[in-house]
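One structure is given here, and the rest of the page talks about it.
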Amino acid sequence: EADIYQTPRYLVIGTGKKITLECSQTMGHDKMYWYQQDPGMELHLIHYSYGVNSTEKGDLSSESTVSRIRTEHFPLTLESARPSHTSQYLCASSEYYRADYGYTFGSGTRLTVV
Amino acid sequence: GQNIDQPTEMTATEGAIVQINCTYQTSGFNGLFWYQQHAGEAPTFLSYNVLDGLEEKGRFSSFLSRSKGYSYLLLKELQMKDSASYLCAVHSLGNQFYFGTGTSLTVIP
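Chains Z and G are the protein sequences, given in the same order. Under our numbering, the first residue of the first sequence carries the number 1, and numbering increases by one thereafter. Under our numbering, the first residue of the second sequence carries the number 1001, and numbering increases by one thereafter.
Pasting the structure below:
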């Protein structure tokens, strides 16, 4: 039973469309993250949050935005999807003061922009 | 910048032992993690090292040397289901996790 949920699992969308990838966790974790991962490649941090009303950009600029209005919810929005956004998007969460627990990852959203 | 290196691919035989190495250069160090990722799935947490030495967890062990910027993951009694990608990740200052590209392990009969 997953404690962190991502929807949709798969998405095919046309260029220029606005999309929101959902991520919710039931563990009460303060920290949440979005990563982008291409097949066989490393994970790149897109955005992260330390808690409600906290959002920061990661190393990879993906022309996306996030919001953290509630502890459990951390959606990622692409205002205008492009083929270069085709990738897998992984959401993760962790406890602020328990680094030894590492991340819990969601199952991911595989996005294809045509 | 952050630099984490792992071998790209490894192959080992069922029942054998395999060691996957990871070297890192990061701005600060708060711990090193190993994750397992099966194709098309999310990474799952395997181990955590913050002090030098060996941490053992069943068939999996992880070693850290902070002075050398080096870690390894040791998998014993390999099973076919251990075929996966193994990601080394460093928790650096600024509360960020930086991942290597992963080592794709293939276990053969």
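For glycine and all other residues, C-beta sits at the position ideal for the given N, C-alpha and C.
Just to confirm before moving on: does the CB-CB distance between residue i and residue j stay below 8 Å?
| i | j | result |
| --- | --- | --- |
| residue 1107(G) | residue 1078(G) | yes |
| residue 77(Z) | residue 18(Z) | yes |
| residue 1012(G) | residue 1073(G) | no |
| residue 1032(G) | residue 1088(G) | yes |
| residue 1042(G) | residue 106(Z) | yes |
| residue 72(Z) | residue 1099(G) | no |
| residue 4(Z) | residue 25(Z) | yes |
| residue 1091(G) | residue 1030(G) | yes |
Apply the 10 Å Cβ neighbour rule to residue i and answer buried if 16 or more other Cβ atoms are within range, or exposed otherwise.
| i | result |
| --- | --- |
| residue 1054(G) | exposed |
| residue 114(Z) | exposed |
| residue 1080(G) | exposed |
| residue 1018(G) | buried |
| residue 33(Z) | buried |
| residue 52(Z) | exposed |
| residue 47(Z) | buried |
| residue 1038(G) | exposed |
| residue 10(Z) | exposed |
Tell me the DSSP bridge mates of residue i?
| i | result |
| --- | --- |
| residue 1091(G) | 1031(G) and 1097(G) |
| residue 1010(G) | 1105(G) |
| residue 1005(G) | 1023(G) |
| residue 1041(G) | None; residue 1041(G) has no bridge partner. |
| residue 1048(G) | 1033(G) |
| residue 1073(G) | 1020(G) and 1062(G) |
| residue 1053(G) | 1064(G) |
| residue 55(Z) | DSSP, once it has assigned bridges, lists no residue as partnering residue 55(Z). |
| residue 116(Z) | Within the shown structure, residues of chain Z are numbered from 1 to 114, placing residue 116(Z) beyond reach of any answer. |
| residue 124(Z) | A question about residue 124(Z) goes unanswered here, because the residues of chain Z that appear run from 1 up to 114. |
| residue 92(Z) | 33(Z) and 105(Z) |
| residue 1085(G) | 1037(G) and 1104(G) |
| residue 4(Z) | 25(Z) |
State the Cα-Cα distance for the pair residue i and residue j, rounded to the nearest angstrom.
| i | j | result |
| --- | --- | --- |
| residue 22(Z) | residue 1015(G) | 41 Å |
| residue 86(Z) | residue 112(Z) | 5 Å |
| residue 83(Z) | residue 1040(G) | 20 Å |
| residue 1005(G) | residue 30(Z) | 30 Å |
| residue 45(Z) | residue 1058(G) | 31 Å |
| residue 1035(G) | residue 1082(G) | 12 Å |
| residue 1103(G) | residue 108(Z) | 20 Å |
| residue 141(Z) | residue 79(Z) | Since the displayed chain Z opens at 1 and closes at 114, residue 141(Z) lies outside it and no answer follows. |
| residue 1093(G) | residue 93(Z) | 18 Å |
| residue 68(Z) | residue 88(Z) | 21 Å |
| residue 49(Z) | residue 57(Z) | 9 Å |
| residue 1075(G) | residue 55(Z) | 38 Å |
| residue 1060(G) | residue 1086(G) | 12 Å |
| residue 91(Z) | residue 1052(G) | 30 Å |
| residue 1009(G) | residue 1065(G) | 23 Å |
| residue 66(Z) | residue 1109(G) | 46 Å |
| residue 124(Z) | residue 74(Z) | Lying before the first or after the last residue shown, residue 124(Z) is absent from chain Z, which here runs from 1 to 114. |
| residue 110(Z) | residue 1027(G) | 31 Å |
| residue 59(Z) | residue 1056(G) | 33 Å |
| residue 40(Z) | residue 12(Z) | 21 Å |
| residue 70(Z) | residue 95(Z) | 15 Å |
| residue 15(Z) | residue 35(Z) | 21 Å |
| residue 64(Z) | residue 20(Z) | 9 Å |
| residue 1062(G) | residue 28(Z) | 28 Å |
| residue 1096(G) | residue 8(Z) | 26 Å |
Would you call the segment 1013-1028 of chain G and the segment 1063-1074 of chain G touching, i.e. three or more CB-CB distances under 8 Å? yes
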